[in-house]
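Novice:
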Amino acid sequence: MDELSRQLLFMVDTTCFVKTVLEPSLKNGEIIFADRSSFISAIVYGTAGGLDLAQVNQMFSLVRPPRADRLYIFRCPWKIAKDRIKDRADGPDVYERKSKEFYDKVQDVYNNLVTGPPERLVMVNHSVALDDVIYVDATMPIDDVVTMITDDLFKVLQLRSIVDV
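If you're matching positions, the sequence shown starts at 76 in this note's numbering and goes up one per residue.
1. What does Arg150 pair with, by DSSP beta-bridge criteria?
2. When DSSP builds the beta bridges, which residues end up paired with Val203?
3. If we count Cβ pairs, one from each stretch, closer than 8 angstroms, do we get three or more for the stretch 131-143 versus the stretch 168-178?
4. Answer with buried or exposed for Thr95, where buried requires no fewer than 16 other C-beta atoms within 10 angstroms of its C-beta.
5. State yes or no: is the C-beta of Ser202 within less than 8 angstroms of the C-beta of Arg142?
6. Taking buried to mean at least 16 other C-beta atoms within 10 Å of its own C-beta, is Ile115 buried or exposed?
7. Report buried or exposed for Val208, applying the criterion of at least 16 other Cβ atoms within 10 angstroms of its Cβ.
8. Examine the Cβ distances between the stretch 119-126 and the stretch 76-89 and report whether three or more of them are shorter than 8 angstroms.
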């Protein structure tokens, strides 16, 4: 499947999630924790796969999700990530079968998500404030990663007066 078609399918899935789950839940005052931002993923994987920012931005112009309070980006060298997924029962997915060159591009976009081209910064800023993009060293022990993120999330919830100190 070509990259544009793949990204359009992801946008359909994301739009469905935004319209049927995210917006109604937020309207009801619920707190949402999601495991990924498909809009950020579209920027990263779409451009790494050969789409230009204008094409990705056209997709963004159709649906804009509510801004996230935080975006955690897990940094992990491709070699370590590949070793972690090689023994999964369901095997590698379409992206995990891509070349090292593709993953070098993915890593470059993620590493420069908040310092890259102005057009990309504007697109990212629609989904999350640039200061709220938090990089996490995913080579740390899992307990340290969980502690770091949960501690930060409690700070966010405290700032929003959702939990007491």
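In this text, a Cβ means the ideal position worked out from N, Cα and C, and glycines have one as well.
Specialist: Well, looking at it:
1. Asp212
2. Ala143
3. no
4. exposed
5. yes
6. buried
7. buried
8. yes
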